[in-house]
Amino acid sequence: MFGYVMANASTLSKEEKEIYKAHYCGLCKILREQYGQKAIMVLSYDMVFLEMVLADIADADEEKGKERCLPHPVKEHEYIITKYTRYASDMQMLLGYYSLLDKVRDEGKGKSEEKKMRVLLPELEKKYPRISTTLKNGLKTIEDNEEKNIKDPEEMALLFGKILGEVFVYDDTSFFRDDLRSLGCGLGRFIYLLDAWCDRKKDRKEGAYNPLSDDITEDEIKEMLLDAAAAASAAFERLPLDQHVFILRNILYSGIWSKFREDKK
4 MFGYVMANAS TLSKEEKEIY KAHYCGLCKI LREQYGQKAI MVLSYDMVFL EMVLADIADA
64 DEEKGKERCL PHPVKEHEYI ITKYTRYASD MQMLLGYYSL LDKVRDEGKG KSEEKKMRVL
124 LPELEKKYPR ISTTLKNGLK TIEDNEEKNI KDPEEMALLF GKILGEVFVY DDTSFFRDDL
184 RSLGCGLGRF IYLLDAWCDR KKDRKEGAYN PLSDDITEDE IKEMLLDAAA AASAAFERLP
244 LDQHVFILRN ILYSGIWSKF REDKK
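If you count the sequence shown from 1, position 36 lands on 39 in the numbering used here, and the numbers rise without skipping.
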């Protein structure tokens, strides 16, 4: 259910593309250093957005460098790391584990990878008890509703939104915690709804659960997506962002709609 929160590269300048890619490479670097080379299987641009938002709010120092890596061994590439990159890396692993667990349950795939990642869970849960509790409780409710075949996309999306909202709150004492929570919640709702829309045909064919009714129209899902995106955008615009605000706005106002546009083709 990840891979939706990314930039629309076609409307970024060359410099903006380089900055965005450098933050991605920074997250990849830290993910590999903390969890090993295989950890990149859960890497996505979603947590790059989170890291860049948190770093921008705090006006965080940036560690810049160049390196070759196993995924790209030929040419050196730039990376940018901030104090929030490690947090984003941890959240990538935490969310990535449960995403993989969901895949194992639904498709029976990824069992060995899930088993290897499971050993990391106790340490992450101990480090982030607030987020871990919200994540486990929220996913359990989602799973229960799926088993009951509840067809309420707004309710289901809100459950996932609350999970991502908690992930966006790095510090629960921060002055900006409410807006960050609202930003994450809106994005979470959007991701859940768009994922359901993109998977609707496959789920119908395989007899898998999907919160959307079989007769839902494009206009109806678009209205739901617009409402979720508007909630995220309203919270985003209240945050004191300046350094990379053009890249972040590109993601929020254009990039997140890429899969929806592709589905229409």
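For each residue, glycine too, the CB sits at the ideal point set by N, CA and C.
Quick test of your reading: residue i and residue j, contact by CB under 8 angstroms. State the CB separation rounded to the nearest angstrom.
i	j	result
TYR38	LEU123	7 angstroms
LEU162	THR136	LEU162 to THR136, Cβ: 14 angstroms. No contact.
PHE171	ARG184	6 angstroms
LEU251	PHE179	LEU251 to PHE179, Cβ: 14 angstroms. No contact.
LEU186	ALA232	Their Cβ separation, rounded to whole angstroms, is 11 angstroms, which puts LEU186 and ALA232 out of contact at 8 angstroms.
CYS188	GLY164	4 angstroms
GLY67	ILE83	In the sequence on display, residue 67 carries Lys and not Gly. So it is a contact: roughly 6 angstroms between Cβ atoms.
VAL45	MET9	Not a contact, Cβ separation roughly 15 angstroms.
TYR7	ILE219	Incorrect: roughly 19 angstroms between the Cβ atoms, too far for contact.
LEU57	TYR87	4 angstroms
LEU98	PHE5	7 angstroms
ASP93	LEU127	6 angstroms
ARG121	ASP175	Not really, about 27 angstroms apart at Cβ, beyond 8 angstroms.
GLN40	LEU73	6 angstroms
Can you list, in chain order, the residues of its chain with a C-beta nearer than 6 angstroms to that of residue i? Leave out the 5 residues immediately preceding and following it.
i	result
HIS80	CYS28
ALA91	LEU30, MET50, LEU53 and GLU54
THR23	A small correction: the amino acid at residue 23 is Tyr; Thr does not occupy that position in the sequence shown. Result list for TYR23: ALA10 and ILE250, in chain order.
ASP206	ASN213
THR85	ALA58, ALA63 and GLU65
SER47	PHE5 and GLY6
GLU169	ILE134 and THR137
Quick one: what's got a C-beta closer than 7 angstroms to residue i's C-beta in the same chain, skipping five residues either side?
i	result
PRO156	LEU196, ALA199, PRO214, LEU215 and MET227
ASN11	ASN253, SER257, GLY258 and SER261
LYS154	PRO214 and SER216
ASP202	ASN213
ASN148	MET159
LEU190	VAL8, LEU167 and ALA235
GLU19	PHE249 and ILE250
Apart from the five residues on each side of it in sequence, which residues of its chain come closer than 8 angstroms, Cβ to Cβ, to residue i?
i	result
VAL248	ASP59
SER177	LEU183
VAL77	ARG71
GLU221	LYS267
Could you tell me whether any Cβ in chain B is nearer than 7 angstroms to the Cβ of residue i?
i	result
LYS118	The structure shown has no chain B; it contains just one protein chain.
- Message: Quick check for students: name the residue ranges of the beta strand (DSSP E) that lie wholly in the region 62 to 128, counting only runs of 3 or more.
- Response: Segments of the beta strand (DSSP E) lying fully in the region 62 to 128: 66 to 70 and 80 to 84.
- Query: Given 8 angstroms as the limit, is there contact between the region 209 to 216 and the region 29 to 37, that is, 3 or more CB pairs closer than that?
  - Reply: no
- Task: Tell me the start and end of each unbroken beta strand (DSSP E) in the region 241 to 265 that is at least 3 residues and wholly inside, in chain order.
- Result: Counting only runs of 3 or more, we get nothing.
- Query: Mind pulling the alpha helix (DSSP H) runs of 4 or more residues that sit fully within the region 131 to 163?
  - Reply: 132 to 150
- Which full runs of the alpha helix (DSSP H) of 4+ residues lie inside the region 182 to 240, going along the chain? 221 to 240
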